[in-house]
Structure formats: C-alpha cells, structure tokens
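Structure record follows, encoded as structure tokens.
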Amino acid sequence: MQAILLSSEEVAKRAKELYDNGIRQQVETEDNIGKMIIIDIETGEYAIDKIGIESAHYLRNKNRFARIFGIRIGYKFAVSFCGDMERDYR
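The following block contains the structure:
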C-alpha cells in the first residue's frame, strides 16, 4: 500500500472532523475533560490518557505507520505556553 502524503494541516483537519462528527459525543465526559485523545486519522480509532504518550504508543504499536493527531478533550488547544487554557463549550 502506498502512503499518501498529507500536510500537517490536512492531518489536523481530518482529526478535528472525526472528533467533531462522532467521537466528541462519546468522550467528552467530566472524567475525560483535560485528558488527551490521540486519533488515528485513517482508521478513526482513538485512545485516551492523561498526556497522550501512552495513547500514541498504543496506536503506533497497532500500526507503526499510523497518522495520529492529539486533541485535549474539552479545550480549544492541546497546550498553552502562557498558562491559560480556554475551554471549548460545544
């Protein structure tokens, strides 16, 4: 199987579409707010943990060529360098 090259913007766009069109309703619970969800953009499979490292390893162990993207559940951005994290109330 030949890989299709995608820009980082296209990977992010696909991950956000998957998240907004189905995954969000399943994972945005009080227990998961603030955790990282890592999404394989080709399969739609995802995993959740506190900082995303374990989830990324899990998905890469299943498919070492997985195209993965991380989203902080309940927030607009995954990280903040100034200390403020803006919640995403959809």
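According to the UniProt record's numbering, the sequence shown is numbered sequentially starting from 1.
Virtual Cβ for every residue (Gly too), placed ideally from N, Cα, C.
{"Query": "To the nearest angstrom, report how far apart D88 and Y75 are at their CA atoms.", "Result": "5 Å"}
{"Query": "For D40, count the other beta carbons within 10 Å of its own beta carbon; 16 or more makes it buried, fewer makes it exposed. Which is it?", "Result": "buried"}
{"Query": "Taking all protein chains shown into account, decide if G22 is buried (16 or more other Cβ within 10 angstroms of its Cβ) or exposed.", "Result": "exposed"}
{"Query": "With contact counted as at least three CB pairs below 8 Å, one residue from each stretch, are the region 15 to 33 and the region 41 to 50 in contact?", "Result": "yes"}
{"Query": "Comparing alpha-carbon positions, which option in H57, I37, K13 lies nearest R24?", "Result": "I37"}
{"Query": "Alpha carbon to alpha carbon, how far is K35 from V27? Give it in angstroms, no decimals.", "Result": "10 Å"}
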